[in-house]
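Chemist: Residue numbers (my numbering), protein chains in the order written: chain A, 265 to 509; chain B, 265 to 509.
Don't be surprised by glycine CBs; every beta carbon is placed ideally from N, CA and C.
One structure is given below, represented as structure tokens, and several questions about it will come after.
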């Protein structure tokens, strides 16, 4: 009876998912009659902190969870000797943490579809121009995040997904296939513009479809107005399926 | 432990609430760390059908519901002798249905904050121009909805709220206080533009604040990154409050 949920677990890329043109809002709109989209985004978090609180985070969610996206790594990949060193997590630990989070989610919700999402690419020029000290650079003006470092974590994320037998969305690679990705998809060199959100939304819809959670495969909640007989709309509510409970 | 939810129950004004600039998406973004926004919008529905399926609709929602917006009337107010006659509900029955829905929600979730939302105003010119036959007019070209009729239902909605001791948002009156509301707030004479969504979002935030459900009064889920000690971020997770469960 309870509608299935799709949980979005991650850092700021997730916490912002219901902002302007956000990928989470688009998902909620897409599944408006068939699934609930539940936001569990924690800005600034790396996988070390996420793994530590994952039990508590999932305990705040009730109902039937059909799928969960896990999007961390943008903070883990912050360079260890620059302005955002406090967020850095070595890539070997990042792998371990992702594995632990994935296993915890599968224990908590047996049969859940886990989708690991890589960090997006980094536009170092955009970080420098759009983000104020000390978030994007230190005294030296050196960036605290690089695209090369994000790529190392993206590849690790895809590899962990393969090893764990769960799905992955490599948004780091996907975005870089488009010319002008740096300014088109990234607002401040790291966070997504509405167009960047669109790319991630489409990748998530594709992954959910691949997991038999497409719009077409989920039942719509209550009769659609377009399916009702205009001469006898009440008839649509007489089916046993929709009987009052 | 479970995060409180705010349920949005209504017709297309609600079902579309996570579209571009939607008031539901803005609410989810506003409460991103403290409350879940749960969409239960059923396009085209009037209160007769809503009252009939309300039990089933609420049964699809689990967890702790703190508040629920109820936004119907735009379809009830469709004129009984025009193109959308199948959706029309007489205003006396509209009142009874709203009362029944409000009572049902309070039985289901004791202590829940119920907020009745009036239908928005109608821009008859916008309906005629932007909406294709037979949704906006019949052969005669006469509109199937008028602002005067929507106003009758809006006043009835506010009165029912007062009688039942629940909150009301009179978006019909509120929007008409702004010059140019017809094209600024309404996309097709009936449904909301991003600016119209903004008006409704702000009214809902205000009503929730009045009901002690402001952002400030709800606890944030897990430590905020901005509150962590950059030299010892792990310390934030040592409090009992955040202990693993």
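#1: My output table needs one value for residue 407 of chain B: the three-state DSSP class, helix, strand or coil.
#2: Apply the 10 Å Cβ neighbour rule to residue 407 of chain A and answer buried if 16 or more other Cβ atoms are within range, or exposed otherwise.
#3: Starting from residue 269 of chain B, follow its DSSP beta bridges and name the residues at the other end.
#4: Can you tell me whether residue 274 of chain B is helix, strand or coil according to DSSP?
#5: Taking the straight line between their C-alpha atoms, what separation do you get for residue 361 of chain A and residue 381 of chain B?
#6: Name the chain B residues that come within less than 9 Å of residue 449 of chain A, Cβ to Cβ?
#7: Quick check on residue 350 of chain B: does DSSP put it in helix, strand or coil?
#8: Kindly list, in the order they appear in chain B, the residues whose Cβ is closer than 9 Å to that of residue 372 of chain A.
#9: Please classify residue 426 of chain A: is it buried, with 16 or more other beta-carbons within 10 angstroms of its beta-carbon, or exposed?
#10: When you compare only the Cα positions, how much space is there between residue 446 of chain B and residue 317 of chain A?
#11: Would you grab the beta carbon distance between residue 296 of chain A and residue 303 of chain B for me? Rounded to a whole angstrom, and I think it's under 8 Å.
#12: Since residue 323 of chain B is in the beta strand (DSSP E), which residue starts that stretch and which ends it?
#13: Does residue 267 of chain A pass the burial test, meaning 16 or more other C-beta atoms within 10 Å, or should it be called exposed?
#14: Do you know how far the Cα of residue 311 of chain A is from the Cα of residue 497 of chain B?
#15: By Cβ distance, which residues of its chain are closer than 7 Å to residue 438 of chain A, with the 5 residues on each side in sequence left out?
#16: Less than 8 Å between the C-beta atoms of residue 308 of chain B and residue 276 of chain B, yes or no?
#17: Spell out the partners DSSP gives residue 305 of chain A in its beta bridges.
#18: Looking at the secondary structure, which residues open and close the beta strand (DSSP E) in which residue 438 of chain B lies?
#19: Quick check on residue 487 of chain A: buried or exposed, where buried means 16 or more other Cβ atoms within 10 Å of its Cβ?
#20: Mapping the DSSP letters down to three states, classify residue 380 of chain A as helix, strand or coil.
#21: Just the Cα atoms here: how many angstroms apart are residue 336 of chain A and residue 280 of chain A?
#22: List, in chain order, every chain B residue whose beta-carbon is nearer than 8 Å to that of residue 411 of chain A.
#23: On the criterion of 16 or more Cβ atoms from any shown chain inside 10 Å, does residue 339 of chain B qualify as buried, or is it exposed?
#24: Who are the neighbours of residue 358 of chain B on chain A, taking C-beta pairs under 7 Å?
#25: Would residue 267 of chain A count as contacting chain B if we go by Cβ distances under 8 Å?
#26: Going by DSSP, what residues sit across from residue 334 of chain B in a beta bridge?
#27: Could you check what DSSP says for residue 432 of chain A in three-state terms: helix, strand or coil?
#28: Give the residues from the region 445–475 of chain A that approach chain B closer than 7 Å (Cβ to any Cβ), ordered along the chain.
#29: Along the alpha helix (DSSP H) that carries residue 386 of chain A, what are the first and last residues, could you check?
#30: In angstroms with no decimal places, state the Cα-to-Cα distance between residue 493 of chain B and residue 348 of chain A.
#31: By the 10 Å Cβ neighbour count, where 16 or more other Cβ atoms means buried, how is residue 293 of chain B classified, buried or exposed?
#32: If you run the structure through DSSP and keep just helix, strand and coil, what is residue 450 of chain B?
#33: With DSSP as the reference, identify every bridge partner of residue 523 of chain A, one or two as the case may be.
#34: If I follow the unbroken alpha helix (DSSP H) through residue 373 of chain B, where does it start and stop?
#35: Counting contacts by CB-CB distance shorter than 8 Å, is residue 345 of chain B in contact with chain A?
Modeler: By the coordinates alone:
#1: Residue state, collapsed to three classes: strand.
#2: When all chains shown are included, residue 407 of chain A counts as buried.
#3: For residue 269 of chain B, which the question treats as bridged, DSSP gives the partners B:300 and B:329.
#4: Shown here, residue 274 of chain B sits in a strand according to DSSP, grouped into three states.
#5: The alpha-carbon atoms of residue 361 of chain A and residue 381 of chain B are separated by roughly 45 Å.
#6: What residue 449 of chain A touches in chain B: nothing, since even the nearest Cβ is about 18 Å away.
#7: The answer is helix: DSSP assigns residue 350 of chain B an H, G or I state.
#8: Against chain B, a Cβ distance below 9 Å from residue 372 of chain A picks out nothing, because the smallest value is about 11 Å.
#9: Exposed, since its Cβ has fewer than 16 Cβ neighbours within 10 Å.
#10: Taking the straight line from one Cα to the other gives about 48 Å.
#11: About 6 Å; that satisfies the 8 Å criterion.
#12: Taken as a continuous stretch (DSSP letters only), residue 323 of chain B belongs to no beta strand (DSSP E), being part of the alpha helix (DSSP H) at 311–323.
#13: So residue 267 of chain A ends up on the buried side.
#14: The alpha-carbon atoms of residue 497 of chain B and residue 311 of chain A are separated by roughly 13 Å.
#15: So the list reads 463 and 467, once near-sequence residues are dropped.
#16: Yes.
#17: Answer is A:274.
#18: Run containing residue 438 of chain B: none in the beta strand (DSSP E); it sits in the alpha helix (DSSP H), 435–439.
#19: With 16 or more Cβ atoms within 10 Å of its Cβ, residue 487 of chain A is classed as buried.
#20: Shown here, residue 380 of chain A sits in a strand according to DSSP, grouped into three states.
#21: CA-CA distance, residue 336 of chain A to residue 280 of chain A, rounds to 13 Å.
#22: Listed along chain B is no residue with a C-beta nearer than 8 Å to that of residue 411 of chain A; the closest approach is about 22 Å.
#23: Buried.
#24: None at all; the shortest Cβ gap to chain A is about 16 Å.
#25: At least one C-beta of chain B is nearer than 8 Å to the C-beta of residue 267 of chain A.
#26: Answer is B:273 and B:380, bridged to residue 334 of chain B.
#27: DSSP places residue 432 of chain A within a strand segment (E or B) once states are collapsed to three.
#28: Listed by position, the residues of the region 445–475 of chain A near chain B (Cβ gap below 7 Å) amount to none.
#29: First-last for residue 386 of chain A: undefined, no H or E at that position.
#30: If I take the Cα positions, the gap works out to 12 Å.
#31: With a threshold of 16 other beta carbon atoms within 10 Å, residue 293 of chain B meets it and is buried.
#32: Three-state DSSP puts residue 450 of chain B in a strand.
#33: The question about residue 523 of chain A has no answer here: the residues shown for chain A are numbered 265 through 509.
#34: Segment: none, residue 373 of chain B is in no alpha helix (DSSP H) and carries neither H nor E.
#35: Nearest CB-CB separation between residue 345 of chain B and chain A: not below the 8 Å threshold.
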